[in-house]
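Report on the structure given below.
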Amino acid sequence: MDYYKPYRRFMRAFVGDTYEVYVRILNILNKHVRDTLEWNTENWRVLNACHACCYKLKDEPPLRFNRFFILDGNNSLCHLKLFGNHQVADSRVMNDSSYYLSDNYVNQFASRHNTSLRKPPPVGVPLDEAPADDFNGNDNDEDVTSSPLDDENDPTDGRGEGNTNNLDTCAKNWKAAAANEKKQTWDIFDETGIFASACRHGLILWLIDMVQSGELAKYPLAMVAKALEVLGEDLGGAYDIGCSFSATVRNSSLAAEAKAKNLLLFVNTFHGYTHSYSCQTKNHPNVIKGVGLEDFETLEHIFSLSNQLTTITHYASRYRHRLLIDSYFCQWDEDKYLNLGTFILNNY
């Protein structure tokens with residue numbers, strides 16, 4: 001093969017179009033198989049994909065946690081937005097993925113928690129020295145790129161006014177990092193990444209496109225709402241700001257259902273060590289009965305591999321951006337399923 005041939009756009013188009021046709025054929029065949037086996041109910045994949053999470057033995061003693069899920073956002077799988085009056089030929093929309101939650105479902109949580117808007121402290125200013133007005137959204141820092149979604153709340157904004165300084169410290173640290181990411185991504189990307197949830201064994205539950213924003217509160221709230229609806233009672237949820245986000249849930253429309261179904265949110269093991277000591281004594285997995293040896297950094301491992309997609313998702317059409325991510329995680333789940341027995345044997 002001659003590697004010295006110059007780049008030709010039509011060659012890339014042939015390969016890209018052929019791969020898309022191949023993936024669509026696989027999806028059609030898989031749909032026929034699922035329909036024949038009656039695996040086609042709305043939440044069948046989530047309820048049956050991971051046998052270790054979903055299946056129970058007869059007379060199996062109940063545990064404190066019925067099932068664990070992990071939440072986190074990833075800013076690498078971005079998609080460039082169009083500039084000026086540029087048009088895109090591929091205007092298709094992919095709505096038949098069992099992984100993605102619909103935009104309508106997610107957006108209903110955009111303003112359904114009682115909070116006051118808090119803006120992150122200026123980047124580069126020590127958190128303890130930042131003026132109170134900076135944290136309460138009263139400054140006019142023009143360095144941060146604006147977005148239509150700037151006025152939506154982040155996952156730490158539902159803590160209310162009577163919370164301890166310990167939660168404020170955890171939230172400020174998270175906000176400072178989020179502010180820096182916002183400056184770097186919101187100006188050129190449309191989809192600025194994905195927000196994902198996975199089970200403790202690494203199989204994906206649901207995905208959400210983060211649109212011109214960082215990790216807004218509506219993304220984890222939508223995930224929690226779906227988990228409560230589908231997975232039932234006695235759930236444990238790990239999130240790198242689970243301490244502050246649990247207060248957001250308590251001040252949201254999900255509060256009553258979360259309490260009735262005995263939901264507990266906490267922090268991941270390694271992220272937890274960056275939280276205050278007082279926070280760790282309540283929210284770190286090491287002190288929570290029934291958690292075991294899980295580190296709940298599952299999505300960090302997943303994202304370290306899925307980031308290989310970044311070179312092709314940035315410039316793909318919106319349809320192919322989602323198609324590529326969907327097909328990647330379909331294959332990821334198949335590989336995890338095949339390796340599940342070895343995983344359990346090596347760990348237990």
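According to UniProt numbering, the sequence shown is numbered sequentially starting from 1. Here a beta-carbon is modelled for each residue, glycine too, at the ideal position from N, C-alpha and C.
Could you check if residue i is buried or exposed, using at least 16 other CB atoms within 10 Å of its CB as the buried criterion?
{"i": "Asp67", "result": "Looking at the sequence shown, residue 67 is not Asp but Arg. Classification for Arg67: buried."}
{"i": "Leu37", "result": "exposed"}
{"i": "Trp206", "result": "buried"}
{"i": "Ile344", "result": "exposed"}
{"i": "Met11", "result": "exposed"}
{"i": "Thr313", "result": "buried"}
{"i": "Asp151", "result": "Summary for Asp151: the model assigns pLDDT 47, below 50, so the residue's position carries little reliability; its value from the coordinates is reported in the next sentence. Result: exposed."}
{"i": "Glu42", "result": "exposed"}
{"i": "Ser91", "result": "exposed"}
{"i": "Gly73", "result": "buried"}
{"i": "Lys31", "result": "exposed"}
{"i": "Arg320", "result": "buried"}
{"i": "Gly292", "result": "exposed"}
{"i": "Arg45", "result": "buried"}
{"i": "Arg318", "result": "buried"}
{"i": "Tyr273", "result": "exposed"}
{"i": "Lys58", "result": "exposed"}
Taking the Cβ atom as the reference point for each residue, do residue i and residue j lie within a distance shorter than 8 Å?
{"i": "His201", "j": "Cys54", "result": "no"}
{"i": "Leu338", "j": "Gly237", "result": "no"}
{"i": "Phe303", "j": "Ser97", "result": "no"}
{"i": "Lys218", "j": "Ala110", "result": "yes"}
{"i": "Thr269", "j": "Phe296", "result": "yes"}
{"i": "Thr342", "j": "Ala198", "result": "no"}
{"i": "Tyr7", "j": "Asp326", "result": "no"}
{"i": "Ile188", "j": "Lys289", "result": "no"}
{"i": "Val23", "j": "Leu235", "result": "no"}
{"i": "Val267", "j": "Gly242", "result": "yes"}
{"i": "Phe329", "j": "Ile204", "result": "yes"}
{"i": "Cys78", "j": "Cys170", "result": "no"}
{"i": "Asn40", "j": "Arg34", "result": "yes"}
{"i": "Leu101", "j": "Ile208", "result": "yes"}
With a threshold of 7 Å, establish whether the CB of residue i neighbours any heavy atom of the ligand MG.
{"i": "Phe14", "result": "For the structure depicted, the ligand MG is absent and the ligand set is empty, with no information on it obtainable."}
Could you spell out where the alpha helix (DSSP H) holding residue i opens and where it closes?
{"i": "Ser327", "result": "Arg318 to Leu338"}
{"i": "Cys78", "result": "Unbroken run through Cys78: none, as it is neither H nor E."}
{"i": "Arg8", "result": "Where Arg8 is concerned, there is no enclosing alpha helix (DSSP H), given that its DSSP letter is neither H nor E."}
{"i": "Ser304", "result": "Thr298 to Ser306"}
{"i": "Asp90", "result": "No alpha helix (DSSP H) holds Asp90; DSSP gives it neither H nor E."}
{"i": "Tyr105", "result": "Asp103 to Asn107"}
{"i": "His51", "result": "His51 to Cys54"}
{"i": "Thr41", "result": "No alpha helix (DSSP H) holds Thr41; DSSP gives it neither H nor E."}
Please list the terminal residues of the continuous beta strand (DSSP E) segment that includes residue i.
{"i": "Arg45", "result": "Taken as a continuous stretch (DSSP letters only), Arg45 belongs to no beta strand (DSSP E), being part of the alpha helix (DSSP H) at Trp44 to Asn48."}
{"i": "Asp72", "result": "Arg67 to Asn74"}
{"i": "Leu205", "result": "Ile204 to Val211"}
{"i": "Ala198", "result": "Phe189 to Cys199"}
{"i": "Phe266", "result": "Leu264 to Phe266"}
Would residue i count as contacting chain C if we go by Cβ distances under 8 Å?
{"i": "Ala52", "result": "Checking the listed chains, one finds no chain C in this structure; it contains a single protein chain."}
ask   = How about the stretch 93-105 and the stretch 229-245: do they share at least three Cβ pairs that are nearer than 8 Å?
value = Contact check between the stretch 93-105 and the stretch 229-245: fewer than three CB pairs, one atom from each, fall below 8 Å, which does not count as touching.
query = Three or more beta-carbon pairs under 8 Å between the stretch 249-257 and the stretch 291-309, yes or no?
reply = No, they do not touch.
inquiry  = Does the stretch 186-194 come into contact with the stretch 212-228, if we say contact requires no fewer than three beta-carbon pairs (one atom in each stretch) closer than 8 Å?
reply    = Segments in contact, yes.
query = Whole alpha helix (DSSP H) runs in the stretch 253-291 with 4 or more residues, listed along the chain?
reply = Unbroken alpha helix (DSSP H) stretches of 4 residues or longer found wholly inside the stretch 253-291: 255-260, 269-272 and 277-283, given in chain order.
key: 3-residue-minimum beta strand (DSSP E) runs that sit fully inside the stretch 223-255, ordered along the chain   = Counting only runs of 3+ residues, the beta strand (DSSP E) found wholly inside the stretch 223-255 occupies 235-238, in chain order.
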